[in-house]
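Working notes for the structure below.
In this note's numbering, the protein residues as written are 286 to 627.
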């Protein structure tokens, strides 16, 4: 019996030496969050996206409040940000479906004629090309039919997301006032300071991404309009939304731009679309991101990319969004509760 008591005492002493109760609680909250994100992805996804959108809405709200009433500024900001997301959602599927049909129709006609200059080609090569063309066409139309079937559910999800965003925005002050209840009395001040530090850095990160994404979206939209590629407003909004996902979002927006350029203006449109995406990506990577985000995150670009890919693999699309906030949380956790330099 005494051995068990001594063993528990030693274990308790070791745990306390490693980290205080507040540190273990902070680690527990992180584990619970990751657990729920993995096993309840849809609910947590709506909450996470709603939280991010509420932070995004704060940016134009702070700007508008300098020239108008705070309530009017908040309403206008909600309309602008949520309206942009809703416009992109209702425009995305019809446009992608129509352009996808054009793209796969063009690809399905890709086959060499069995006469003329390639008469000397073996027949099996021509058969492979014909089969490849048919497979591309079938894959394309199956994909489009799948998009059509899930469109109503996705639109409903967008509506739920908008409602969640408004609700979370109104609950932030309540959560802020009660955050002290998460820590014991002797570490309450440090715990609240830790949470405020984490929230402040995430807020700065989102605000920096908002500015960077707005510039990238404007540049891509303007360049697309000048190049004569249709749907320039839609492309600009998609680029703006996609830019909130470091590196991966700009790649996805570039692919969409290339497809639209190719289906509307052929090979020249494809080249122009790729050039616009490449130039905007380089502007962001070498100018916007170092100037804006370096003030918030002192992280190597490779760590940012790997964390986005890793958490995306573990938690899907939501994992990509929470990757950098989780990195911020871990860094603050280490500084506050492990090495205790703050």
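All residues carry an ideal CB built from backbone N, CA and C; glycine is no exception.
Alpha helix (DSSP H) segment containing residue i, residue limits
| i | result |
| --- | --- |
| residue 618 | 602-618 |
| residue 323 | 306-324 |
Closest residue to residue i among the options (Cα-Cα distance)
| i | options | result |
| --- | --- | --- |
| residue 526 | 619, 613, 595 and 491 | 491 |
| residue 452 | 334, 348, 548 and 351 | 334 |
| residue 344 | 319, 460, 489 and 602 | 489 |
| residue 560 | 573, 572 and 538 | 538 |
| residue 571 | 308, 472, 497 and 594 | 497 |
| residue 460 | 611, 625, 336 and 612 | 336 |
| residue 340 | 322, 456, 352 and 376 | 456 |
| residue 450 | 611, 328 and 314 | 328 |
| residue 495 | 473, 464, 474 and 528 | 528 |
| residue 377 | 322, 523, 547 and 544 | 523 |
| residue 499 | 573, 324, 448 and 462 | 573 |
| residue 276 | 464, 338 and 321 | Residue coverage of the chain in this structure runs from 286 to 627, which leaves residue 276 outside it and unanswerable. |
| residue 383 | 521, 464, 544 and 611 | 544 |
| residue 326 | 304, 605, 625 and 546 | 605 |
| residue 520 | 458, 548, 373 and 448 | 373 |
| residue 314 | 379, 342, 464 and 592 | 464 |
| residue 447 | 348, 614, 342 and 318 | 342 |
| residue 319 | 375, 625, 558 and 611 | 611 |
| residue 387 | 614, 473, 546 and 352 | 546 |
| residue 623 | 594, 541, 475 and 458 | 475 |
| residue 541 | 380, 322 and 608 | 380 |
| residue 590 | 536, 625, 548 and 549 | 536 |
| residue 364 | 352, 322 and 346 | 346 |
| residue 569 | 304, 493 and 321 | 493 |
| residue 306 | 594, 548, 473 and 518 | 473 |
Residue i at chain C interface by Cβ criterion, 8 Å
| i | result |
| --- | --- |
| residue 611 | Structure shown: chain C not included; a single protein chain is present. |
| Start-end ranges of the beta strand (DSSP E) lying completely within the segment 497-545, minimum 3 residues | For the segment 497-545, not a single whole beta strand (DSSP E) run of length 3 or above is found.
(message) Does the structure place the segment 564-574 close enough to the segment 489-509 that three or more beta carbon pairs sit under 8 Å?
(response) Here the segment 489-509 makes contact with the segment 564-574; the two share three or more CB pairs at distances below 8 Å.
**Item:** Validate contact between the segment 368-376 and the segment 480-500 using beta carbons, cut 8 Å, 3 pairs
**Value:** No: the two stretches stay apart, fewer than three of their Cβ pairs being nearer than 8 Å.
How about the segment 317-332 and the segment 343-362: do they share at least three Cβ pairs that are nearer than 8 Å? Contact annotation: the segment 317-332 does not touch the segment 343-362, with fewer than three C-beta pairs closer than 8 Å.
task = Could you say if the segment 615-623 and the segment 472-479 meet the contact criterion of at least three C-beta pairs nearer than 8 Å?
result = Using a Cβ-Cβ distance cut-off of 8 Å, the segment 615-623 and the segment 472-479 are in contact, since at least three pairs of beta carbons, one from each stretch, lie closer than that value.
- Touch check for the segment 554-561 and the segment 512-521: three-plus C-beta pairs under 8 Å? The segment 512-521 and the segment 554-561 touch, with three or more beta-carbon pairs separated by less than 8 Å.
Could you tell me whether the segment 586-593 touches the segment 306-316, where touching means 3 or more Cβ pairs closer than 8 Å?
Touching, no, given that fewer than three Cβ pairs across the two stretches are closer than 8 Å.
Given 8 Å, three or more beta-carbon pairs between the segment 464-476 and the segment 598-611: When Cβ pairs closer than 8 Å are counted between the two stretches, the segment 464-476 is seen not to touch the segment 598-611, the count staying below three.
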